[in-house]
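Numbering (the working numbering), first residue to last: 3 to 381.
A virtual CB, placed ideally from N, CA and C, is assigned to each residue, including glycine.
Given the structure is predicted, the values throughout are model-derived calculations rather than measurements.
Have a look at the structure below, then the notes.
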Amino acid sequence: MSRLMLGRTLERVCKVVLLLCLIHFLIMMILYFDVYSQRFDIFSRFNNGRGTNNSRGPHHYYYNYSSGRPNATFPSYLPAIDQLPPSARPEANRTRPTPKPVLPCPEAPPGLVGRLLIEFSSQMTMEKVQRENPSVTDGGRYTPPDCRPKQKVAIIIPFRHRDHHLKFWLHYLHPILRRQKIDYGVYIINQLGEDTFNRAKLLNVGYTEALRDTEYDCFIFSDVDLIPMDDRNLYHCYDQPRHFAIAMDKFGFRLPYAGYFGGVSGLSRKQFLKINGFPNEYWGWGGEDDDIYNRITLNGMKVSRPDVRIGRYRMIKHERDKHNEPNPQRFNKIQNTKNTMRKDGISSLTYRLVSVKKYPLYTNISVEIGKPPPRPNRG
Ligand code: UD2
Ligand code: MN
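Structure below.
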C-alpha cells in the first residue's frame, strides 16, 4: 500500500517537474525570439530610462491646417498617441529632466555592428515596431542620451500608399540610427489625391516642413523601400552632397552609372540652398534624381559616396505604382538643368499643407502638390 502511495507521489512530482520544464522552455523560446528580432539592438534596450524631452513648442500652430476631421488617409492601425495605453506611449510623455550630455559623439560610434541581415518576409506590425523603439519620441524624434551630436538630421521620405514598406523601414532604420548616435526626426511626406506622383517636389516640401519643426542642419532623402545593409553607412551630412545608396541589390550591388544619385541622398542646408533645392516639375517616374545630380555638379560641388562594401542596400520588391508612370519628358528635361534650376526649385515651391500629425515613430505631413501642367496640343 505504502509502496503504491510512494509510487503515486513520485508520479505527481515527476508531472510537476515536467510541467515546470515545459513552462521554462516556453519562456526561453519567447525571450529568444524577442532578442532575435532585435539582436542588433540589444544595447539600446538598456538605455530606455532616459527620455529626451523634445517638446517643440511652436509646432502646434500649423496643426490648424488640418481640415476638421482627422485625415482619412492615415492607416487605421496607427492610433493617435493619446489613444495608446500608457505603456505604449513614447517616453517623452513620462520624461524626467535629464542633464544634457557634454561630450561630442564619436566619429565612429562604438556600438555599430557592420553588415546586417535584412529580410522582408517576417510579419511586421506597427505595434511591434513601436514596442521595439520605446526611446523614440513623439513624431519620430530621437537624440542620443550619452553624447552631443554635431548635426540635427531630418529624414525625408516621399510617400503614397506604401504603408507596408513603411513598417519595414521604421523597423530597421530606427535601431540603426540610434546606434549611429544620430539626432534625428523622421518625416513622411504623403501626397494626397491620385494625381501623378512627384517625388522631388515632395522632398522640397519635406525640407520646408521639417525646418518649421526644428532647426535641422542636414536633410537625408530616402525612398521608403530602401534599407541599408550596413550600419557603418552613417546617416549624417558630409563636406559634399552625399549619395548613400550606391550598391543596391536590384542593380547587382553596383552603381548603375557614374552620375546616379537615386534612392538615398543627403545634403546640408547650405548645399541644398546652393542648388535651389530640387526640381518641382518632374511628374511621374524618373529623371528627377539625374536633375539633382546635374544641379550639384553645375554648382561646383562633387558627390561623395561611402565605400562600395558599406553602401549596400536592399529594396523591397514592388511593381510600378499607379499614377507614377515613367515621365516621357525626362530625357529632354535633364538636358536643361542649367537653364531651369534657378527658377524651378525651393524658391518657386508652392503646395497646400493639409495636415501634420505626430505618430510615435514618425511625423506624417499630408500635402496637395497639384498636378502636371496640360501637355501642349500639337495639332
Ligand atoms: C528609383 C530610385 C528613386 C527615384 C525613382 C525615379 C532606386 C532604388 N530608387 O526608384 O530614388 O529616383 O527611381 O523617380 O533606384 N513612392 C510612393 N508611392 C508611389 C510612388 C512612389 O511612396 O506611388 C515613393 C516611395 O518612397 C518610393 C519612391 O517614391 O520608394 C520611388 O519610387 P519607386 O520605388 O516606385 O521607384 P524605383 O524603385 O524605380
Ligand atoms: Mn523602389
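query                                                                                                                                                                                             : result
Are there three or more Cβ pairs, one per stretch, closer than 8 Å when the region 243-258 is compared with the region 316-329?                                                                   : yes
Any contact of the region 191-211 with the region 150-165, i.e. 3+ C-beta pairs under 8 Å?                                                                                                        : yes
Taking 6 Å as the line, does the beta carbon of Arg332 fall inside it for any heavy atom of ligand 1?                                                                                             : no
Go through its chain and collect everything with a Cβ distance to Tyr240's Cβ below 7 Å, but skip five positions before and after it.                                                             : Ser306
Could you tell me which uninterrupted beta strand (DSSP E) segments, each at least 3 residues in length, are contained entirely in the region 206-277, listed from first to last along the chain? : 220-224, 228-230, 266-270
Hey, Pro111 and Arg201 are a contact pair by Cβ (cut 8 Å); roughly how many whole angstroms apart?                                                                                                : At roughly 30 Å, the Cβ-Cβ gap does not stay under 8 Å, so Pro111 and Arg201 are not in contact.
Just checking, does the region 217-232 make contact with the region 171-178 on the three C-beta pairs under 8 Å criterion?                                                                        : yes
What is the DSSP secondary structure of Ala202, reduced to helix, strand or coil?                                                                                                                 : helix
If we ignore side chains and look at the alpha-carbon of each, how far apart do Lys373 and Leu194 end up?                                                                                         : 11 Å
Excluding five sequence neighbours on each side, which residues of the same chain lie with their C-beta closer than 8 Å to the C-beta of Asp233?                                                  : Phe42, Leu114, Val115, Gly116, Leu118, Ile178, Arg181, Gln182
Quick check: Leu269 and Pro243, are their CB atoms within less than 7 Å of each other?                                                                                                            : yes
What does DSSP give as the partner residue(s) for Glu370 in the beta ladder?                                                                                                                      : Arg354
Only counting the same chain, and skipping five residues up and downstream in sequence, which positions put a Cβ closer than 6 Å to that of Leu20?                                                : none
Quick one: using the 10 Å Cβ neighbour count with 16 as the cut-off for buried, is Lys203 buried or exposed?                                                                                      : buried
Assuming contact is defined by CB atoms lying nearer than 7 Å, are Gln153 and Cys220 in contact in what I supplied?                                                                               : yes
Along the chain, where does the beta strand (DSSP E) that runs through Met317 open and close?                                                                                                     : 314-317
Would you list the residues sitting across from Tyr189 in a DSSP beta bridge?                                                                                                                     : Ile158, Thr365
Using the C-alpha atoms, what's the distance from Met343 back to Ser368?                                                                                                                          : 26 Å
Closest to Leu257 by C-alpha separation, out of Lys360, Asn192, Pro308, would be which residue?                                                                                                   : Pro308
Does at least one heavy atom of ligand 2 sit under 6 Å from the Cβ of Asp227?                                                                                                                     : yes
For Pro376, which three-state DSSP category applies?                                                                                                                                              : coil
Taking the CB atoms as reference points, tell me whether Gly187 and Leu363 lie closer together than 7 Å.                                                                                          : no
In the DSSP assignment, find the unbroken alpha helix (DSSP H) run with Tyr174 in it and report its ends.                                                                                         : 165-181
Mark Ala260 as exposed unless 16 or more other C-beta atoms lie within 10 angstroms of its C-beta, in which case mark it buried.                                                                  : exposed
When burial is assigned at 16 or more other CB atoms within 10 Å of the CB, is Ser267 buried or exposed?                                                                                          : buried
By the three-class DSSP mapping on this structure, what secondary structure does Thr139 have?                                                                                                     : strand
Report yes or no: do three or more beta-carbon pairs, one from the region 355-362 and one from the region 126-143, lie closer than 8 Å?                                                           : yes
Quick one: using the 10 Å Cβ neighbour count with 16 as the cut-off for buried, is Phe263 buried or exposed?                                                                                      : buried
To the nearest angstrom, how far is the alpha carbon of Ile298 from that of Ile277?                                                                                                               : 6 Å
Starting from Lys359, follow its DSSP beta bridges and name the residues at the other end.                                                                                                        : Asn366
Let me know the secondary structure DSSP gives Tyr295 once reduced to three states.                                                                                                               : helix
State the CB to CB distance for the pair Phe286 and Asn329, rounded to an integer number of angstroms; the pair is presumed to be in contact (CB under 8 Å).                                      : Here residue 286 turns out to be Gly, not Phe, going by the sequence shown. Contact flag correct, Cβ pair sits at about 4 Å.
Could you check where the alpha helix (DSSP H) with Lys340 kicks off and where it finishes?                                                                                                       : 339-342
Give me whichever residues DSSP pairs with Pro330 in a beta bridge.                                                                                                                               : None; Pro330 has no bridge partner.
Using 10 angstroms around the beta-carbon of Glu290, count the other beta-carbons present and answer buried if the total reaches 16, otherwise exposed.                                           : buried
Whose CA, out of Asn366, Arg150, Gly347, lies closest to the CA of Asp293?                                                                                                                        : Gly347
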